[in-house]
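Protein chains in written order, with my numbering: chain A, 1 to 296; chain B, 297 to 592.
Ideal Cβ placement from N, Cα and C applies to all residues, glycine included.
As the structure is a prediction and not an experimental result, all values here were calculated from the model.
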């Protein structure tokens with residue numbers, strides 16, 4: 001970068017810094033405020049006194065979240081969902097992308113297979129018919145209702161397929177001469193090379209599964225089966241009832257926490273896992289975008 | 297040919313699990329769309345009596361439905377415009393910052409909201425926009441009355457548009473910044489010798505070279521114009537703002553799932569799928585023609 005030392009440039013730099021700082025703060029301060037509210041006393045929160053530091057510091061809202069059991073139960077369901085769902089996604093992505101990365105001489109009907117999958121990106125049955133199929137296949141109230149309908153993320157599969165096509169062919173040829181079959185080649189030779197691409201699509205799946213809430217709401221009749229985000233969604237409307245149900249002495253509870261502090265604590269807890277893997281997300285989500293497109 | 301197929305057997309076998317699952321959860325719902333032309337009765341299932349276009353005629357006569365189309369397009373349009381303009385400007389400003397560490401810090405901060413679910417973001421918004429929340433406390437300091445951002449029908453769409461841009465512009469920033477760093481610095485040096493200052497360089501070098509990326513992002517967003525953001529609006533709206541805030545997807549959900557009017561819900565979904573499909577294909581074709589982008 002060429003240095004420009006004029007007064008105008010200096011003024012611009014200062015102004016630019018202020019604009020960037022202010023915009024960045026707009027993205028972060030709401031979280032700081034949420035955190036401060038979650039640790040504040042209910043009186044201070046109701047009076048609108050809390051900005052970016054807790055007022056009347058206490059951890060009641062967190063104790064309430066951790067005592068209730070509902071938070072942990074739904075979090076455990078989410079953990080299971082993320083592990084199982086991401087595993088299913090990755091296995092199907094690899095098993096589909098590998099044959100489709102071949103030319104049509106090597107895999108007959110490749111074009112038909114490809115259209116079969118791509119079509120689902122363009123046209124979908126919509127909410128109601130999909131819901132009815134999930135009902136008909138008996139998945140209501142089962143964790144599989146959150147996993148099977150999106151078992152093959154087609155966009156991720158295409159990212160991986162494009163990545164596979166970028167690998168030199170010689171890698172496989174020597175193994176074929178040695179008499180290894182496609183499955184052995186995939187497992188022993190291709191899979192280790194796929195690590196960076198798998199990290200990208202795996203993170204897509206993890207974030208997708210962790211953040212999904214709507215499928216939990218429609219496919220689970222029993223709220224005990226809700227994953228964390230679906231449970232958090234119910235807090236938006238009915239946190240007061242949850243507090244009333246959970247306590248013997250509601251007034252005493254209300255003196256220490258209220259809907260806002262309690263909800264803030266649980267929303268913040270729900271965001272922690274994403275914040276923990278954020279450095280990886282930042283790194284791999286951009287590369288995924290580059291991997292995903294073929295320039296030509 | 298049979299011999300060839302035998303050799304390739306392993307490849308075809310690998311595809312079977314994906315084909316079966318995609319068939320069940322993506323193609324059977326397409327068949328399930330026939331209920332849009334039936335009077336669906338859970339007891340009879342997909343062999344319910346045929347009613348032709350009656351469901352469509354019924355729903356298109358509803359003023360409440362026509363309103364959702366307008367609301368959807370209105371919010372989508374401004375989300376799309378803001379979702380391009382804001383990250384472009386932010387990336388340009390960020391690109392003027394010389395120090396890498398500062399640049400990276402700002403980028404990291406604005407990218408965070410992108411990865412959190414709309415449930416958590418809605419939880420934050422409900423809190424900071426409440427009557428005693430930090431936004432209204434701040435407005436109070438300026439001597440203003442509390443504003444009901446989520447409960448006032450004339451403000452609600454703009455609360456949705458601005459918060460959507462707020463949550464998403466970090467992603468665009470990362471994409472545009474990547475495009476900016478790939479611009480040859482030699483171009484700027486040459487321009488400086490010709491006497492072009494920073495502003496002129498931006499107009500005549502940076503923007504034209506950024507244009508393909510801007511067009512690409514706009515065109516890809518175009519395919520989503522009928523999705524005005526179900527996750528966001530469902531978590532933040534209420535009956536008082538239906539007039540300006542109800543969108544096609546929230547309408548389908550209330551009608552189809554909550555009121556169990558499956559056929560009418562499916563009819564709206566059918567209509568939306570057809571229009572969306574045309575838009576998505578159009579956006580891919582445009583992306584390829586204009587920016588040479590293709591994913592398969």
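Membership of residue 76/A in the alpha helix (DSSP H) is indicated by the continuous run 70-100. Against chain B, the beta carbon of residue 55/A has no neighbour under 8 Å; the closest one sits roughly 12 Å away. Residues of chain B whose Cβ lies closer than 8 Å to the Cβ of residue 16/A are, in chain order, 389, 392 and 393.
Leaving aside the five residues that flank residue 470/B on each side, the residues in its chain whose CB is nearer than 7 Å to its CB run, in chain order, 403 and 407. Its chain contains 414 as the residues whose beta carbon lies nearer than 7 Å to that of residue 527/B, once the 5 sequence neighbours on both sides are disregarded; these appear in chain order.
Annotated as distal: residue 28/A and residue 37/A, with beta-carbon spacing of 8 Å or more. Around the beta carbon of residue 94/A, a 10 Å sphere encloses 16 or more other beta carbons of the protein chains shown; the residue is thus reported as buried. By the neighbour-count criterion, in which 16 or more other beta carbons inside 10 Å mark a residue as buried, residue 349/B falls on the exposed side. Unbroken alpha helix (DSSP H) stretches of 4 residues or longer found wholly inside the segment 153-213 of chain A: 154-165, 170-177, 182-185 and 195-211, given in chain order.
Residue 440/B and residue 429/B have their C-alpha atoms some 14 Å from each other. Contact check between the segment 521-541 of chain B and the segment 339-353 of chain B: fewer than three CB pairs, one atom from each, fall below 8 Å, which does not count as touching. Between residue 396/B and the set 486/B, 473/B and 536/B, the nearest pair of CA atoms involves 473/B.
In the three-state DSSP reduction, residue 394/B falls in the coil class, being neither helix nor strand. Around the C-beta of residue 184/A, fewer than 16 other C-beta atoms lie within 10 Å, and the residue is accordingly described as exposed.
Per DSSP, residue 356/B is one residue of the alpha helix (DSSP H) stretching across 350-356. Taking a cut-off of 8 Å for Cβ pairs, the segment 98-113 of chain A and the segment 219-233 of chain A do not touch, as fewer than three such pairs fall below it.
Within the segment 405-444 of chain B, complete alpha helix (DSSP H) segments of at least 4 residues are found at 414-424 and 430-437, given in chain order.
If you look at residue 11/A, you'll find it in the alpha helix (DSSP H) that goes 7-38.
Taken through DSSP and simplified to helix, strand or coil, residue 589/B comes out as strand. In the DSSP assignment, residue 346/B forms a beta bridge with 334/B. Contact check for residue 457/B against residue 378/B passes: the beta carbons are separated by less than 8 Å. Sixteen is the threshold: when 16 or more other Cβ atoms of the shown chains lie within 10 Å of the Cβ of residue 186/A, as they do, the residue is buried. Between residue 257/A and residue 34/A, the alpha-carbon positions lie close to 14 Å from each other. Listed in chain order, the non-local C-beta contacts of residue 555/B below 7 Å within the same chain number zero, local neighbours out to five positions each way being set aside.
A Cβ-Cβ separation of about 5 Å places residue 271/A in contact with residue 416/B under the 8 Å criterion.
Within the same chain, 52 come within 8 Å of residue 32/A by CB-CB distance, once the 5 residues on both sides are set aside. Residue 138/A sits in coil when the DSSP states are folded into three classes, being neither helix nor strand. At least one CB of chain A lies nearer than 8 Å to the CB of residue 577/B. A direct Cα-Cα distance of roughly 28 Å separates residue 238/A from residue 371/B. Among the residues of chain A, those whose CB is under 8 Å from the CB of residue 462/B are 26 and 27, following chain order. Distance between residue 312/B and residue 565/B, taken at the CA atoms: about 29 Å. For residue 552/B, the three-state secondary structure derived from DSSP is helix. Interface flag for residue 317/B against chain A is set, since a Cβ pair is found closer than 8 Å. Between the alpha carbons of residue 489/B and residue 482/B lies a distance of about 11 Å.
In this structure, the alpha-carbon of residue 10/A lies about 14 Å from that of residue 493/B. Flagged as an interface residue toward chain A: residue 404/B, by a C-beta distance shorter than 8 Å.
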